[in-house]
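Heads up: the sequence shown begins at 0 in numbering that gives the first Met the number 0, then just goes up one per residue.
Every residue, glycine too, gets a C-beta built ideally from N, C-alpha and C.
From a predicted model like this one, the values you see are computed outputs, not experimental measurements.
Encoded as structure tokens, the structure appears first; notes follow it.
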Amino acid sequence: MQFTSTQKRALAWFALLLGMLLAMWLLAPVLTPFVVAAILAYALTPVVDWLDDLGRGRVPRLLAVVLVEVLFLLLMMALMLLVVPILAKQLPLLRDQVPPLMDRFNGFLQPLLTQFGLHVTLDVAGLKTFAMDHLNANFQDSLGRLLESAKLGGSVALSVVGNAVLIPVVLFYLLMEWRRFMTLLVNLVPPRLRGVVDGFTQEADGVLGQYLRGQLLVMGVLAVYYSVGLMLFGLDLALPIGVFTGLAVAIPYVGFGLGLVMALLAGFLEFSTQTGHVSALVMVAVVYGLGQLIEGFVLTPRLVGERIGLHPLAVIFALLAFGHLLGFVGVLIALPLSAVLLVAGRRLRSAYLGSALYQES
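Structure, rendered in structure tokens:
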């Protein structure tokens, strides 16, 4: 079978794309900090450019990049530090509540096991001593034991620490050289195709901008919702837990799960009576159950999905598919990549409908 020159070029581009996708799949763990840094650079470059324009060339780009990256890192640290007041308040309560909680648990478990013919005796006194020893230890001792048990030299811990160091470094160089990198990529495109590619990149850039604005709206609305919802149930730590949950939903599932666990633990410790435990369960079930429904069926589909033209089913499928292929990074980049693929799909559909192949069928 003979191929025309156009078909050969199309096959060559397809093979190149397939090879790039295969390489990305094989190198996914190595590419993680670079992918995350590239996403952050894409989002932060307009801010750096705005500072450049504001300074009218008198402010070096280096200063603008350092300022933007430092502010971004401080914002991320502030989000993480929302957990500090939660721990500071909950640890003393946890020390006070552990002994009675263990007694109640033992009183509930023993009759249940006896009904099934199981005669198991729990060493409640030993468990109390073990728990109190760890809760009463100072922070340095706890941190030392944590690092020792986690085996900091292990691959997982090294990967986390390495990414935490590498991502800001990569982000700095990408912000400094973003225009040059984009120019190099554009120069790889054949001149006769640059008009088509420029149109595609402009449309994709518009869709991605809408996605980022939509995601920020979702985070803001949910931060207010969770804070107010937990306040209505009388939780003292409603504000930090609510804000943390709302902002952490940028990481699908993980952020929501962390916020839910924090609220449940805070509720159990603050409402220490038996009826209080029921109140904590009701609080979490109502606030977080309703919040998940609002996010999944109203906010994300309308503020994110509709802005980029994705059907709610497509949003769910994209999260599952990219998460399965690329893990945690896949979940992070699922919707932005889906937006770009949507633009490509629209253009392919328009080209097909206008082609002779469609007209003849």
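- Non-local C-beta neighbours of Met-175 in its own chain, meaning closer than 8 Å and more than five positions away in sequence, comprise Arg-60, Leu-61 and Val-64, ordered along the chain.
- Contact check for Leu-229 and Ala-237: beta-carbon distance about 4 Å, within the 8 Å limit, so the pair qualifies.
- The same chain holds no residue with a CB closer than 6 Å to that of Leu-74 once the five nearest residues on each side in sequence are set aside.
- In this chain, the alpha helix (DSSP H) harbouring Glu-202 covers 193-231.
- Following the DSSP letters along the chain, one finds Arg-60 inside the alpha helix (DSSP H) bounded by residues 60-80.
- One thing to note: Val-169 has its Cβ within 8 Å of the Cβ of Pro-32.
- Straight-line spacing of the CA atoms in Leu-30 and Val-188 works out to 24 Å.
- Distance between Val-67 and Leu-43, taken at the CA atoms: about 8 Å.
- Of the candidates Ile-315, Leu-165, Leu-50 and Val-206, the residue whose Cα lies closest to the Cα of Val-330 is Ile-315.
- The DSSP-derived three-state label of Pro-300 is helix.
- Collapsing the DSSP output to three states places Val-188 in coil.
- Taking a cut-off of 8 Å on C-beta distances, the region 276-287 touches the region 219-234, as three or more cross pairs fall below it.
- In this structure, Trp-24 is the residue among Thr-244, Trp-24, Leu-207 and Leu-165 with its C-alpha nearest to the C-alpha of Leu-324.
- Between Met-282 and Phe-243, the gap from beta carbon to beta carbon reaches 8 Å or more.
- In the three-state scheme derived from DSSP, where H, G and I count as helix and E and B as strand, Val-168 is classed as helix.
- Inter-segment contact for the region 252-268 and the region 198-209 is absent: fewer than three beta-carbon pairs are separated by less than 8 Å.
- Taking every protein chain shown into account, the CB of Gln-114 has fewer than 16 other CB atoms within 10 angstroms, so this residue is exposed.
- The three-state reading of DSSP puts Phe-255 in helix, counting H, G and I together.
- Counting along the chain, the unbroken alpha helix (DSSP H) around Val-242 starts and ends at 237-247.
- Of Ala-11, Phe-13, Val-195 and Leu-20, the smallest CA-CA separation from Phe-321 is found for Leu-20.
- Separation of Ala-22 and Phe-267 (C-alpha to C-alpha, rounded to the nearest whole angstrom) is 48 Å.
- The distance from the Cβ of Leu-298 to that of Val-220 is about 6 Å, consistent with a contact at the 8 Å cut-off.
- With contacts defined as CB atoms closer than 8 Å, Pro-167 and Leu-72 qualify as a contacting pair.
- In the three-state reduction of the DSSP assignment, Gly-353 falls in the coil class.
- The alpha-carbon separation between Pro-110 and Phe-270 amounts to approximately 25 Å.
- The alpha carbon of Phe-199 has as its nearest neighbour, out of Val-339, Phe-296, Ala-14 and Leu-26, the alpha carbon of Val-339.
- In the three-state reduction of the DSSP assignment, Leu-318 falls in the helix class.
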